[in-house]
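So the protein sequences, as listed, match chains A and B.
Going letter by letter, the first sequence gives residues 1 to 395 in the UniProt record's numbering.
Going letter by letter, the second sequence gives residues 1 to 395 in the UniProt record's numbering.
2 protein chains.
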Amino acid sequence: MGASDLLTVPFAGAPIFTRPRALRPTNKVLPEHARSHNRALVLQTLYTAGAQSRADVARETGLTRVTISDLVSELIAEGLVAELGQREDARPGKPATLIDIDRSAFQLVGVDLSEHEVFRGAVMNLDGRIVARAELARDGATGEAAFVLVDALVTQLLATATIPVLGIGVGSPGIVDPLGVVRSAPNLGWSDLPLQARLAAATSLPVHVANDANVAVLAEHGATDLDDVLLIKIGHGVGAGLIVGGRPVIGGGFAAGEIGHVVVGTDGGPRCACGRDGCLEAWISAPRLTAQLAELDGTRGAGASAHDEILREAGRRLGIVLAPVVGALNLSEVVLSGPAELLDGVFHEAAVDTLRKRTMAEINRDLRLRMSEQAQDIVLRGAAVMVLSGQLGVS
Amino acid sequence: MGASDLLTVPFAGAPIFTRPRALRPTNKVLPEHARSHNRALVLQTLYTAGAQSRADVARETGLTRVTISDLVSELIAEGLVAELGQREDARPGKPATLIDIDRSAFQLVGVDLSEHEVFRGAVMNLDGRIVARAELARDGATGEAAFVLVDALVTQLLATATIPVLGIGVGSPGIVDPLGVVRSAPNLGWSDLPLQARLAAATSLPVHVANDANVAVLAEHGATDLDDVLLIKIGHGVGAGLIVGGRPVIGGGFAAGEIGHVVVGTDGGPRCACGRDGCLEAWISAPRLTAQLAELDGTRGAGASAHDEILREAGRRLGIVLAPVVGALNLSEVVLSGPAELLDGVFHEAAVDTLRKRTMAEINRDLRLRMSEQAQDIVLRGAAVMVLSGQLGVS
DNA sequence: CACGTTTGTTAGTAAACCTTACGAACAAAC
DNA sequence: GTTTGTTCGTAAGGTTTACTAACAAACGTG
């Protein structure tokens, strides 16, 4: 069985990004779609709860043991699920045969194009653990040259994989539509580049492409139980990924999360590359903060408190922008991703403080603003989630 | 057949408001669920496209003529669909028998509790056209007394209905959970009032309750093709209703849209009832604007330009709060609902202008900010949509 | 060792939609 | 006036799906 034989799943996890009505597939539902859904449900149950018996899965999903047996035998035939032998612990009744997703059946490839100087990628197993890494220096490549680099990176990663690859996930900067066309990525000199289609043609594997921040939030969503998460990704630029009601938000123009050039506050601010004053990116992008701190270090007699003041003001600006979003969506979780030496300290404190002062405490009582725990690999892990979700309906 | 016999529809339109994972029903999908979905699909096709033949519906939905015939005969037996006789226009082939939703089979009841002085309600037909109205002065009633008024209003409306009532929709201020419990509505003195359950018990009819602004945006969503709409409802308070990816957003604490007490800008502002300075509600609520204008009229020599300046500043404040939300969600449509004499003019202009200046033009190019066309009845119409969607899967 | 419990399978049933086929009714062309 | 082709709605039969019922196997427990 080839990986491309795997069904796409209409309900469980497939609508990775909701798409405009015009692009949506027909809405009719056939019995076979129900089966795909239940199939994905079994995989999802095994994925999140780990090895267990068929009877356990039946209880968990509400389907009967008969149906689960049928679905599982199909999944075993496809190599996605494996029997692990009998359960060890002693209890009455016939001993259960444990089954689990065969985590050594497939690997995944993830690619992160969001860094300015380097394209990074990894081969991961189905758990999202990284088994091999690769990176290629970008050296300022743009346009076709940049694509050639991506293609080379993917080829290199595929050669590293030791078992069949389930699919490839790519997080790209810029505006990416649901078909994986990079509509616009100024830094890479891409416009209307059909990245998904070209990589799929080159590799004959399922390929999923989305905006880097939108990919990153998938990694974070897997780590929480919540249905609403906002991730702020601070690097060379500032972007956001958003999950509302358990579904990623893509936006009418496929540009959801592009908050870098929203103006903050009513008192001006630093001049931004886009020509305006006080854009969020001009306030809090990593290069800007680093430059400000470096400039300060150049000055004689600059103390830690001046350091903190810069970061505190930046954190405050983030809080100002987030307050209306948190209020409108009643978000329960906001996650920060970026250089910890800049963000994890007074910046974070100031952002939390500002957010609390600017939203209604009674309503947003259980709001949490925290640092991501995924560090540098957040986009790679998110890419893995994207592939799992797209190919198996698992998330 | 009683209206309560009608199936709830798991896919097509039923998940009116997404709910937290813990409250969600089991995810398994049985063949009968598929049928419910397809049934709703037929109703939706007829509802939006009007009278047509079974074969037309088959082509539209992708299901076969056989299946459509089967579903339609079921719907006819239930009294929801009626045959209208043969199609008139001349074309080859056997003449088609036109069918349509029987718009005279049921009426709907909608209730709007969002106004400060009066509870308003209406009996509507399936198209949402109002056939009868009723209102009861609130006279400051709170707590149980307010509920008694609502109950009386509903009773009065049900007595007015001439044909069976499909269901009752209620838009209430405050925080309303997916089960129709008003968790908190300070103005009405309600906390944890099970409004849905009590009205359902009193009337033996399907009842749907949601926040007034969240209800209002349903009416607006029906009027557009877009999957993302933000409605700002300005009255005694300021609230928002939000649809993202075609689905209403309810929020982790069921308080999505509660933006009245988000602080605007970084330069202070009027003192708000909540104790802080510069809340959106303190800037732009209808009573506050009216009072400001009245105060101005008391002053000698106040011209139209001073009038405009007050409204312009208010509109600007709204734009400041909306910019991050529009940017983060990449919204394509924002709608204003409230007193036209305040909002439809310089207020509107200033809001549009501010929004454009504070978001990225290339990304939010096709953003529209417009006045609602539904005037005073927006909550009533939204309540109708809520009932239609909940009972028939039609939206 | 008999008994109850749990697991996973077999066999048969009901529901849902499909394909195929057909009669009825019409317009257009001859 | 007849033939031809089209369209509509229905009927019959088949496939897929998940269900209920029943059972053998395998295990603790009293």
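We treat Cβ as the ideally placed atom computed from N, Cα and C, and that holds for glycine.
Query: Same chain only: Cβ atoms within 8 Å of His-307 (chain B), ignoring 5 sequence neighbours per side; Result: Leu-293, Leu-296
Query: Reduced DSSP category for Arg-312 (chain B) - H, G, I as helix; E, B as strand; rest coil; Result: helix
Query: C-beta contact flag for Leu-75 (chain A) and Val-57 (chain A) at 8 Å; Result: no
Query: Pairwise C-alpha distance: Val-81 (chain A) and Thr-64 (chain A); Result: 18 Å
Query: Listed by chain order, chain B residues near Met-371 (chain A) by CB distance under 9 Å; Result: Simply none; closest approach about 20 Å.
Query: Cβ-based contacts, 9 Å cut-off: residues of the region 54-65 of chain A near chain B; Result: Thr-61, Gly-62, Leu-63
Query: DSSP-derived helix/strand/coil call for Arg-143 (chain A); Result: First, the residue type needs correcting, since residue 143 (chain A) is Gly and not Arg in the sequence shown. Gly-143 (chain A): helix per DSSP, three-state reduction.
Query: C-alpha distance - Val-182 (chain A) paired with Asp-377 (chain B), whole-angstrom precision; Result: 43 Å
Query: 8 Å Cβ cutoff met for Ile-168 (chain A) and Val-111 (chain A); Result: yes
Query: Nonlocal neighbours in the same chain, by C-beta distance under 6 Å from Gly-121 (chain A), ignoring five residues either side; Result: Val-111, Ala-134, Leu-153, Leu-157
Query: Helix, strand or coil at His-307 (chain A) according to DSSP, with G and I counted as helix; Result: helix
Query: Interface flag, Leu-23 (chain A) vs chain B, CB-CB below 8 Å; Result: Low per-residue confidence applies at Leu-23 (chain A): pLDDT is 28, beneath 50, and the placement is therefore not dependable enough to give any value.
Query: 8 Å Cβ cutoff, Thr-26 (chain B) in contact with chain A; Result: For Thr-26 (chain B), the pLDDT reaches just 44, beneath the cut-off of 50, and the residue's location in the model is therefore unreliable, leaving the point undetermined.
Query: Backbone CA spacing between Val-262 (chain B) and Cys-279 (chain B) [nearest angstrom]; Result: 5 Å
Query: Residue environment, Lys-94 (chain A), which counts as buried when at least 16 other CB atoms sit within 10 Å; Result: exposed
Query: Range covered by the beta strand (DSSP E) that runs through Asn-211 (chain B); Result: 207-211
Query: With 16 other Cβ atoms within 10 Å as the buried cut-off, status of Gln-196 (chain A); Result: buried
Query: Contacts of Thr-48 (chain B) in chain A (Cβ-Cβ under 9 Å); Result: Ordered by position in chain A, no residue passes the 9 Å Cβ test against Thr-48 (chain B), which lies about 12 Å from the chain.
Query: Helix, strand or coil at Asp-112 (chain A) [DSSP, three-state]; Result: strand
Query: Limits of the unbroken beta strand (DSSP E) element including Met-360 (chain B); Result: Careful: Met-360 (chain B) lies outside any beta strand (DSSP E) and carries neither H nor E.
Query: Those residues which DSSP pairs with Glu-333 (chain A) across a bridge; Result: A:Arg-368
Query: Residue-level contact to chain B via CB, Thr-142 (chain A), 8 Å cutoff; Result: no
Query: Straight-line Cα distance separating Gly-315 (chain B) from Arg-24 (chain A); Result: The pLDDT assigned to Arg-24 (chain A) is 32, lower than 50, so where the model puts this residue is not dependable, and the model offers no usable value.
Query: Cβ pair count under 8 Å reaching 3, the region 335-353 of chain A against the region 184-200 of chain A; Result: no
Query: Val-385 (chain A) vs Gly-222 (chain A) beta-carbon contact at 8 Å; Result: yes
Query: Residues that His-37 (chain B) contacts on chain A, provided the C-beta gap is smaller than 7 Å; Result: Val-29
Query: Residue nearest to Ala-51 (chain B) in terms of C-alpha spacing, selected from B:Gly-62, B:Gln-86, B:Asn-38, B:Cys-274; Result: B:Gln-86
Query: Three-state secondary structure (DSSP) of Asn-214 (chain A); Result: helix
Query: Beta-carbon spacing of Gly-171 (chain A), Ala-375 (chain A) below 8 Å; Result: no
Query: Interface flag, Arg-356 (chain A) vs chain B, CB-CB below 8 Å; Result: no
Query: Neighbour list for Val-176 (chain B) in chain A, Cβ cutoff strictly below 9 Å; Result: Simply none; closest approach about 12 Å.
Query: Proximity of Ala-256 (chain B) and Asn-330 (chain A) at Cβ, strictly below 8 Å; Result: yes
Query: Contact residues within the region 254-266 of chain B, judged by C-beta distance below 9 Å to chain A; Result: Phe-254, Ala-255, Ala-256, Gly-257, Glu-258, Ile-259, Gly-260, His-261, Val-262, Val-263, Val-264, Gly-265, Thr-266
Query: Asp-277 (chain B) versus Ala-240 (chain B): straight-line alpha-carbon distance, rounded; Result: 20 Å
Query: Test: His-33 (chain A) CB closer than 8 Å to a CB of chain B; Result: yes
Query: Inter-residue Cα distance where the pair is Leu-205 (chain A) and Glu-362 (chain B); Result: 34 Å
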